[in-house]
Structure formats: C-alpha cells, structure tokens
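K.L.:
Taken in order, these protein sequences are the chains called A and B.
Heads up: take any position in the first sequence, counting from 1, add 670, and you land on our numbering.
Heads up: take any position in the second sequence, counting from 1, add 2, and you land on our numbering.
Glycine residues also receive a C-beta, built at the ideal position from the N, C-alpha and C atoms.
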Amino acid sequence: MPVRATVWRGFYQDSVVLMHVAAEVRALPGVRLAAALMGTPANHELLSSAGLATPDSKNATAADLVLAVDAATDAEAEAALAAAKGFFDERRRARESTGRALPRTLDGALKQMPDANVALISVPGDYAKLEALTALRRGLHVFLFSDNVPVGDEVELKRLALAQQRLCMGPDCGTAYLGGVGLGFANVVPRGRIGCVAAAGTGLQAVASHVATLGEGISHGIGVGGRDLSAEVGGMMTFFALRKLADDPSTDAIVIIAKPPAPEVMPQLDAAIRTITKPVVVCALGAAVPASAPATWVTTLEDAAEAAVAGIRGRAWAPRSFTDAAAVRSRVAAIAAGARPRGALLGLFTGGTLAHEARVILEPLVGPVNIDGAAPGSAHRVIDLGADEFTRGRAHPMIDVAARDSRIREAGAAADVAVLLVDLVLGRGAHPDPGPSLAAAIRDARATAERDGRTLVAIASVVGTDGDPQGLARQIAELRAADVHVLPSSAQAARSAALVLDPRLASRLLSA
Amino acid sequence: MNTTDVMPQEPLRVVNVGLELFARELEAQGVEVVHVDWRPPAGGAEIAALLGRLGD
Chain A
671 MPVRATVWRG FYQDSVVLMH VAAEVRALPG VRLAAALMGT PANHELLSSA GLATPDSKNA
731 TAADLVLAVD AATDAEAEAA LAAAKGFFDE RRRARESTGR ALPRTLDGAL KQMPDANVAL
791 ISVPGDYAKL EALTALRRGL HVFLFSDNVP VGDEVELKRL ALAQQRLCMG PDCGTAYLGG
851 VGLGFANVVP RGRIGCVAAA GTGLQAVASH VATLGEGISH GIGVGGRDLS AEVGGMMTFF
911 ALRKLADDPS TDAIVIIAKP PAPEVMPQLD AAIRTITKPV VVCALGAAVP ASAPATWVTT
971 LEDAAEAAVA GIRGRAWAPR SFTDAAAVRS RVAAIAAGAR PRGALLGLFT GGTLAHEARV
1031 ILEPLVGPVN IDGAAPGSAH RVIDLGADEF TRGRAHPMID VAARDSRIRE AGAAADVAVL
1091 LVDLVLGRGA HPDPGPSLAA AIRDARATAE RDGRTLVAIA SVVGTDGDPQ GLARQIAELR
1151 AADVHVLPSS AQAARSAALV LDPRLASRLL SA
Chain B
3 MNTTDVMPQE PLRVVNVGLE LFARELEAQG VEVVHVDWRP PAGGAEIAAL LGRLGD
C-alpha cells in the first residue's frame, strides 16, 4: 500500500479542524488510513506507530502540518492529498469572504475589542501559560480549556488572577456558565438561581443538566480545574469563586463539585463554607464526609442537583438509588433470565468526573475498580478517555468519538468483558450527533461477543437537555434502538451495572 | 474593567484563542467574539516557556 505524506510549513490548524480533515480524507476511495496532525514529537510517534511516517513527514516541526495517507494505489493517495488541500483552500476562501482580518495574537484581538472581558484559551498545553498570563495581565477573566499544563504554572497563573481579582478557570476546565452563557462544552440550560463551583467539565455539565431537568437553572458555573483543591494549588480559585457566588444576588444556592480535597485544604474549605448563609451542597467524589459538615454532602452528581433544588425550594430531600426501580428490576430480571454475562465491567468514559463517580459508586458494590492505575490487578476497569494521556495532539473524545468507538469494538472481542458502561455527553461544543456511531460500535461489539458465545450487556447514561443541539430524546432513542440500557443519570447507570454483575445486590439497591 | 466587579460584566465580550469551534458556539449564543488566528510562536514550546517566565 503506498504511503504518501505532505507537509505544509508554518501552517497551524487546531485539533478539531484536523480531525474533520482526517475524517473527510479517510472516507475517500481507496484510503485505508489518514492522519492530519501538527508535527509535534508525540504526533511523530503516532505517525510512526501507524506506519504513516515518511522521510518528508519526519522533518515537520510543531508549527508544520502533516497530512499522511495510506491508500490502495498511488493515484488514490495523490487524490486524497489533493482533496485535503482543497478542504483547506475552501476554509481560507470562506474566511476571506467575510472581509474581516483575524488577529494573530491576543493583543491584536484586544485592538479589535478593547472592552473584552473574558479570554477563552484552548491552545496546546505547552503554549497555554503564555496566553493565559497575557490575558490576566490585560485584566481579562480566563477560561483555560488547555490541559497538559504543569501544576507549578497553574499556581503562578492563579496567584496572578487573585492579585488582579480575576477568575482563572482552569487549566483543564471544560465548562463554565457566566451569566447565562455557556463556555467550552456546555449544555443548554436556563439561567437560574443555582451557582456552581466545579473541578473540571462533565461534573458541571451533569449537575447543570439535572438542575434544568428539575425545572431550575444556573446563575453562574465557575470551573476551577481538577487540581484546584490539591495541596499545591490550595483551593485558590475555589475559595475565590465561593466568595463571588456568596455575594452574587442572583445566586440562591451553591453547589461545589470537586475531587476529594487534599487533607490540608479541607479545614479551609470547611471554614469557607461556614461563612456562606445560602444553602451549600458539596459533591466531592470519594471524599469522606466531615463529621460536623456545615453543608449538605452528597455522593453523586445527580444528588447534588436534587439537593440544591430542594434547598432553594425549601423542601426536604433524601437520596434514592433509582428513579424507576421497577423498570430496573424487570430489566435486570430479563438479563438474568437469558445467557448470564460472565466477566467484568469495562467503563469507557468521555467525561472524567463521570468516570470517577462510576468508580466511587461501583467499588462498595462490586469491589476494586482499576482507574488511573489504582487497583491495577482488578478485573473491573474504568477508563477516562478525556485524560491528558489520551488527548495529546488530538481533539477531546466528546468531539472526536472515533477513539472510544474503536475501543468499544475491541471490547467485543475481550473474553473478560461482560458489562460495558458508557457515558454520552451532549451540549454545545460536543460532537453534533454522537448517538448513532456509539450505537453502531456497541452493536458491533455485541455481535462479536455473541459470535464467541458470550453475552455483552451495554449500559449508558446521557448528559444532556432537551435544548441541546443534539436532542436528548433523539440520542437516547438511538442507544435504546441498539438495546442499550439507558439510565437517567451516571450514578444510576453505575448501580445498574453493579446489579447486572451481581444480581444479589437487588436486596440493597432495589428494596425501596 | 474596574477591579471590583464581582463577576465578568455582562454582556460577555470574548477573545477566543485556540479551538475555533468554541468561537462559533459563543456566536451561536449571541456573544461577541474575536477569534485569534493563533499559531505556535517561532521557536516553539521552549520559547513560549521562556516568554512565560519573563515579566511583562
């Protein structure tokens, strides 16, 4: 098979644009493999491992775009490269037709918009600090989507932000809501009375979507990045955001969504919450609840939304395992009546917070779960495909769904996998229609498993609202048509997976 | 902007540096955005790190 590569010197394109180009080229006649990447060291490794490296491609730098194809014939390879060039030419023509010259730098942008108040930064991690520093020095609030930013740089950025009385949301912040506007990956939710301070992205998306489903809305949702409550960062932005929400007249209740705080930060968090007179709900996944907690501590994202809504409505609230226990019971009974799934759970998540929440729910029910190298010997595995190691040089799996889809297909052939647990995250910024390809991958995996005489049960939850561009109901219908068990929340999906693995759990989870 | 505002003043006015997708999503919400045609600085990541350490 001829492999051809072409290098465009000094031609930078972002990872989402490159993903679209690669997908278009891959769909051309005769093309077996195609990659469109910037020439970073990590991407050179990817090209080599895919057999797509050529003498030309190896000379590309991080500022150069590499397009490489493996096609059936020379003519088809050349045609594919020409098609990619056509794609970029078309983009350039479309941009030029607007008659507006795009600035090349943040300072150039501020000449066009001197009263800008927020910088949204999503450049590769190596360059993120420089852009964020510039934005903070110019007095802008920063939404820093970029990941792969060293923690020392995060500390420096947040110190500067506090000195400037500005928000530094991130690094690795996927989602924020500011005054009704969603930044980054954001579900379409009404503006309302609940304010959130959230570690990263999908936790905030899940809580905001549940709040919307319950008929309330979000005042502001401030992302702080997953390391903010670590010992190194010391909760700088969490405490700043909490004070802002406590003072904000449009916020009637506050939800904190976090990873377990470092022990040395816990007393400060406790003290910060005690100064707030509004209802406060804390969902710190996996953290032990303090003995004399001044807030409502909950264990799941769904519970966080329900407790906050109950708080502003002045109603009592208690957690429950399932919205519709009868439906779960009959589903689990139907699975138990068929060929019993034998094996372990594989969770393939695009949302990091959702992946960690799944572990927190599953471990007390089914035993240790291997995630991020924890419990490495465990049969049950949960993988966060949005983690830094999977997103270097490529778009986030909520946009670029291909990587997870191929892992799902591989799981069909894995003799030790009996239950597949997945999330599907909708909203602005996410893939425009992810349900059909996820459903197709699950169908293929199940067919492979069945050919091998195994049963593969697929369980999912969808983070989304009726207002999202992808359509919540339509995405759920796509999955259900592929015989995927779709639960109303990630927590319920994890519990349902536990029930399939061990039906004896029914007495604990379905007794209500 | 003054230094005492509680939250970003409304309406948001955004400079987008990076994924063009995010600029389009903001525009779809009626937010004024200037998208930066960003590219890595000459000299790559090392120069960016050096510039990041320098004062302004």
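(1) Are the C-beta atoms of A/Glu902 and some chain B residue less than 9 Å apart?
(2) Closer than 8 Å by beta-carbon distance: list the chain B residues that pair up with A/Val731, in chain order.
(3) As a quick exercise: from A/Gly891, A/Pro860, A/Ile1078 and A/Phe992, pick the residue whose alpha carbon is nearest that of A/Cys838.
(4) Count the other CB atoms, across all protein chains shown, that sit within 10 Å of the CB of B/Asn18; report buried if there are 16 or more and exposed otherwise.
(5) Counting only beta-carbon separations shorter than 9 Å, does B/Met3 have a partner in chain A?
(6) Closer than 9 Å, CB to CB, is A/Val906 near chain B or not?
(7) According to DSSP, is A/His1066 part of a helix, a strand, or is it coil?
(8) May I have a chain-ordered list of the beta strand (DSSP E) segments no shorter than 3 residues that lie completely inside the segment 677-745 of chain A?
(9) From what residue to what residue does the alpha helix (DSSP H) around A/Ser1000 run?
(10) Is it buried or exposed for A/Arg770, if we count other Cβ within 10 angstroms and need 16 for buried?
(11) Can you give the Cα-Cα distance for A/Ser718 and A/Ala704, rounded to whole angstroms?
(12) When the Cβ atoms of the segment 989-1007 of chain A are set against those of the segment 916-928 of chain A, are three or more pairs found closer than 8 Å?
(13) To the nearest angstrom, how far is it from the Cα of A/Ala932 to the Cα of A/Ala1003?
(14) So, A/Glu934 versus A/Gly822, is the Cβ gap smaller than 9 Å?
(15) Which ranges would you report for the beta strand (DSSP E) in the segment 851-924 of chain A if only whole runs of at least 3 residues count?
(16) Report the rounded CA-to-CA distance for A/Leu688 versus A/Leu814, giving the unit in angstroms.
(17) Mind listing the chain A neighbours of B/Glu12? Cutoff is C-beta to C-beta under 7 Å, in chain order.
(18) If we call anything under 9 Å between Cβ atoms a contact, is A/Met907 one with A/Gly896?
(19) Would you give the residue range spanned by the beta strand (DSSP E) that A/Thr845 belongs to?
(20) Taking 9 Å as the CB-CB cut-off, is A/Ala1161 touching chain B?
(21) Quick one: is A/Glu972 buried, meaning 16 or more other Cβ sit within 10 Å of its Cβ, or exposed?
(22) Rounding to the nearest angstrom, what Cα-Cα distance links A/Pro1106 and A/Gln1145 in this structure?
(23) Going straight from the alpha carbon of B/Thr5 to that of A/Gly865, what length do you get?
(24) Going by DSSP in three states, A/Gly1017 sits in which element: helix, strand or coil?
(25) When you measure from the CB of A/Val959 to every non-hydrogen atom of the ligand GDP, does any distance come out below 8 Å?
(26) CA-CA distance, A/Leu1198 and A/Lys929?
(27) What does DSSP give as the partner residue(s) for A/Met839 in the beta ladder?
(28) Using a Cβ-Cβ cut-off of 9 Å, state whether A/Met936 counts as contacting chain B.
(29) Based on Cα-Cα distance, which residue from A/Ala882, A/Ala868, A/Ala789 and A/Ala1072 lies nearest to A/Ala831?
(30) Quick check on DSSP: helix, strand or coil for B/Val35?
(31) Just the chain B side, please: which residues come within less than 7 Å of A/Ala779 by C-beta, in chain order?
(32) Answer with yes or no whether the minimum CB distance from A/Ala786 to chain B is below 9 Å.
(33) Who pairs with B/Asn18 in a beta bridge, going by DSSP?
(34) At the level of alpha carbons, what is the spacing between A/Ala943 and A/Pro989?
(35) Name the DSSP beta bridge partners of A/His1050, please?
(36) Please confirm if A/Ile1069 has its CB atom under 9 Å from at least one CB of chain B.
P.N.:
So, from the listed chains and residues:
(1) no
(2) Residue 731 of chain A is actually Thr in this sequence, not Val. Correct list: Gly46.
(3) A/Gly891
(4) buried
(5) Its pLDDT being 38, under 50, B/Met3 is placed unreliably in this model, and the value from its coordinates should be taken loosely. Answer yes: the Cβ-Cβ gap between B/Met3 and chain A drops below 9 Å somewhere.
(6) In the sequence under discussion, the amino acid at residue 906 of chain A is Met, which differs from the Val named in the question. No, A/Met906 lies away from the interface with chain B (no Cβ there is under 9 Å from its Cβ).
(7) coil
(8) 701-708 and 735-741
(9) Ala995 to Ala1007
(10) exposed
(11) 13 Å
(12) no
(13) 42 Å
(14) no
(15) 851-854, 861-868 and 888-893
(16) 21 Å
(17) Gly849
(18) no
(19) Thr845 to Leu848
(20) no
(21) buried
(22) 8 Å
(23) With a pLDDT of 34 at B/Thr5, under the threshold of 50, the modelled position of this residue cannot be trusted; read the value that follows with caution. Looking at the two C-alpha atoms, the distance is approximately 22 Å.
(24) strand
(25) The model on display carries no ligand, and the ligand GDP is accordingly not part of it.
(26) Since the displayed chain A opens at 671 and closes at 1182, residue 1198 of chain A lies outside it and no answer follows.
(27) A/Phe813
(28) no
(29) A/Ala789
(30) strand
(31) Val17, Val36 and Val38
(32) yes
(33) A/Leu790 and B/His37
(34) Looking at the sequence itself, residue 943 of chain A is Ile, so the reference to Ala does not match. If I take the Cα positions, the gap works out to 22 Å.
(35) A/Val1039
(36) yes
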